[in-house]
Each structure stands twice: as C-alpha cells, then as structure tokens.
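Shown next, in structure tokens, is the structure this report addresses.
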Amino acid sequence: MGKTVITGSLNVGQPGMTTFNSATVGILGDGFMARDLTIENTAGSDAHQAVAFRSDSDYSILENCEFLGNQDTVYSHSLRQFYKQCRILGNVDFIFGNSAAVFQDCSILIASKNSKLDQGGGANNAITAHGRIDAAQSTGTDEYMKEFLANPKGHTNYLGRPWKEFSRTVFVNCNLESLVSPEGWMPWDGDFALKTLYYGEYKNTGPGSVRSKRVPWSSEIPEKHVDVYSVASFIQADEWASKSA
C-alpha cells in the first residue's frame, strides 16, 4: 500500500526478546501522524509474538497505512489512537493492547499461520485481544471497518478474545464475511473475564454478522448507547484530529 516500506523481523523466539521490544516501529511521543506507509514484521507465522507497529502516542493518527505481520501485528499499547483507511494483516491477536483506539474504514485480513494448519484446518484466529485491566479505564477497541477478509479457508476466525479482565471491544457498521465464526468471540482460558468483559456489535452487515449463534457473553449494543463508541465521544478526536490534519 505505502510507497515507503519499513521492515523488521524481531520476535520473541530470539533470546531476550520481548513482545514490546519486537516492534519494527515503536512510537512514544504524543501527536504522532503517519500516512501512506507500509510497516511490517517478517518474522513468519512460526515465530509467535512479532509486532510490526507499537504505539504509546496520545492524539495519534494513522491514515492509509498498511501493517503486515502474523501474531501481534498492531500493538495499540496505550492512550488515544485513530486508524483511518488502513489495511491490517495478521492471525493471532493481531490488534491488541490497552489503548482507546478507533479503526475507521479499515480492511482487516487474516494471514495463514503455517502450511500444516492450512492443509489440515483447525487453527483459531482472534483478531483483537484488548487488555483493559480496570473497569474505570476509558480504553477499548472500536472497529468501524470497511471489510473483514481472510486468505486461509481452513481456519476458524473470531472477532476477539479477552487478554485482560476488563477487555472491551466493539464492532459497529462493519461488513463481516462468512469466514467469521457464528459464535463471534472466543474465550482466552476457560471462563476468565467472561463476566467482566464487554464485547458489542451494532448494525454490522454480511453473512458473518448474524448474531443468532453468538456466545452469550457478547452483546448487541443498544442504539441509545452506540454514540459512546463514536470517534468524537470515545477518543475525543473532534477536539484534536482536525487540528492535526
């Protein structure tokens, strides 16, 4: 997508490497803006955690950028982040962290894990793994996606799973293809966080949006509450995004 490509291959399979430090690009300063970039981690599907982009930048805007990886592609670590018209490729927990992040008009693609799983099936992919640790935190992952696509046919794909106890993720006005599991969401480990998370959906379209078989611990967002997750309300972007353009 981007004419400029930033690439790396750090991953937790290397001695002493952590998920946080594996990022090809890591942002710390507030007000970060990027446009028309491709940022990738080429460690491969067998390398486990290998971050392409990590951000701790408040008031950050990423527009028309591409993030390529496998597990843990985009680490929206903390603070307010706005991703607009981006393309994100990964498989396991590849949009994760404890930020207040909105993904608007983005394309989400599922990558193959490895040849054995692709041939035999049975692999589970979770797109999101939000890590809110306190119910009082105003963090969460909001998806206002353009489309949700997958390359491997043998995988089971879920909208997310709870990395931490108060995980919060919503999908609003998204086009969800049939590759999304009818259950929609998957547990992390047994019943961990199932009583304290919030997973919501609102007016999604496509065959993957049917809620009749969704897990009982997910919700349909009431119309009167959906504005809470808007760009203006959730990350107050109307107060700072236009000034940054």
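Counting in our numbering, the sequence shown runs from 1 upward without gaps. Each residue gets a CB set at the ideal place from its N, CA and C atoms; glycine is no exception.
Starting from the Cα of residue i, find the closest Cα among the options and give me that residue.
{"i": "residue 57", "options": "86, 34, 12", "result": "34"}
{"i": "residue 173", "options": "216, 104, 26, 179", "result": "104"}
{"i": "residue 70", "options": "24, 145, 84, 98", "result": "24"}
{"i": "residue 134", "options": "93, 106, 99", "result": "99"}
{"i": "residue 234", "options": "177, 209, 219, 138", "result": "138"}
{"i": "residue 106", "options": "75, 66, 17", "result": "66"}
{"i": "residue 95", "options": "76, 83, 113, 84", "result": "76"}
{"i": "residue 74", "options": "93, 64, 144, 13", "result": "93"}
Below 9 Å between beta carbons: does that hold for residue i and residue j?
{"i": "residue 72", "j": "residue 102", "result": "no"}
{"i": "residue 9", "j": "residue 47", "result": "yes"}
{"i": "residue 214", "j": "residue 182", "result": "yes"}
{"i": "residue 169", "j": "residue 128", "result": "yes"}
{"i": "residue 132", "j": "residue 1", "result": "no"}
{"i": "residue 91", "j": "residue 123", "result": "yes"}
Suppose the cutoff is 6 Å on Cβ atoms and the five residues either side in sequence are ignored; what does the same chain contact list for residue i look like?
{"i": "residue 197", "result": "162, 167"}
{"i": "residue 11", "result": "22, 43, 47, 50"}
{"i": "residue 119", "result": "No answer about residue 119 holds up, because its pLDDT of 47 lies below 50 and its placement is not dependable."}
{"i": "residue 31", "result": "59"}
{"i": "residue 155", "result": "123, 125"}
{"i": "residue 240", "result": "59"}
{"i": "residue 117", "result": "A caution first: residue 117 carries a pLDDT of 47, below 50, which makes its placement in the model too unreliable to give a value."}
If I'm right that residue i touches residue j with Cβ under 8 Å, what's the distance once you round it to whole angstroms?
{"i": "residue 6", "j": "residue 37", "result": "7 Å"}
{"i": "residue 184", "j": "residue 159", "result": "5 Å"}
{"i": "residue 62", "j": "residue 89", "result": "The pair is not a contact, with the Cβ atoms about 15 Å apart (cut-off 8 Å)."}
{"i": "residue 81", "j": "residue 55", "result": "6 Å"}
Residue range of the alpha helix (DSSP H) that residue i falls in?
{"i": "residue 232", "result": "231-234"}
Since residue i is in the beta strand (DSSP E), which residue starts that stretch and which ends it?
{"i": "residue 84", "result": "80-84"}
{"i": "residue 201", "result": "198-202"}
{"i": "residue 142", "result": "140-144"}
{"i": "residue 125", "result": "124-130"}
{"i": "residue 210", "result": "Here residue 210 belongs to no beta strand (DSSP E), and DSSP marks it neither H nor E."}
{"i": "residue 158", "result": "156-160"}
{"i": "residue 90", "result": "87-90"}
{"i": "residue 14", "result": "That residue, residue 14, is in no beta strand (DSSP E); it is neither H nor E in DSSP."}
{"i": "residue 33", "result": "33-35"}
{"i": "residue 169", "result": "168-172"}
{"i": "residue 54", "result": "53-55"}
{"i": "residue 96", "result": "95-97"}
{"i": "residue 107", "result": "107-110"}
{"i": "residue 26", "result": "25-27"}
{"i": "residue 67", "result": "66-68"}
Might you give, ordered along the chain, the residues of its own chain that have their beta carbon closer than 7 Å to the beta carbon of residue i, omitting 5 neighbours on each side?
{"i": "residue 157", "result": "110, 125, 150, 179, 180, 181"}
{"i": "residue 207", "result": "177, 178"}
{"i": "residue 17", "result": "10, 11"}
{"i": "residue 85", "result": "63, 64, 105, 106"}
Ordered along the chain, which non-local residues of its own chain (more than five positions away) have a Cβ less than 8 Å from that of residue i?
{"i": "residue 221", "result": "170, 172, 200, 201, 202, 229"}
{"i": "residue 165", "result": "132, 133, 192, 193, 196, 197"}
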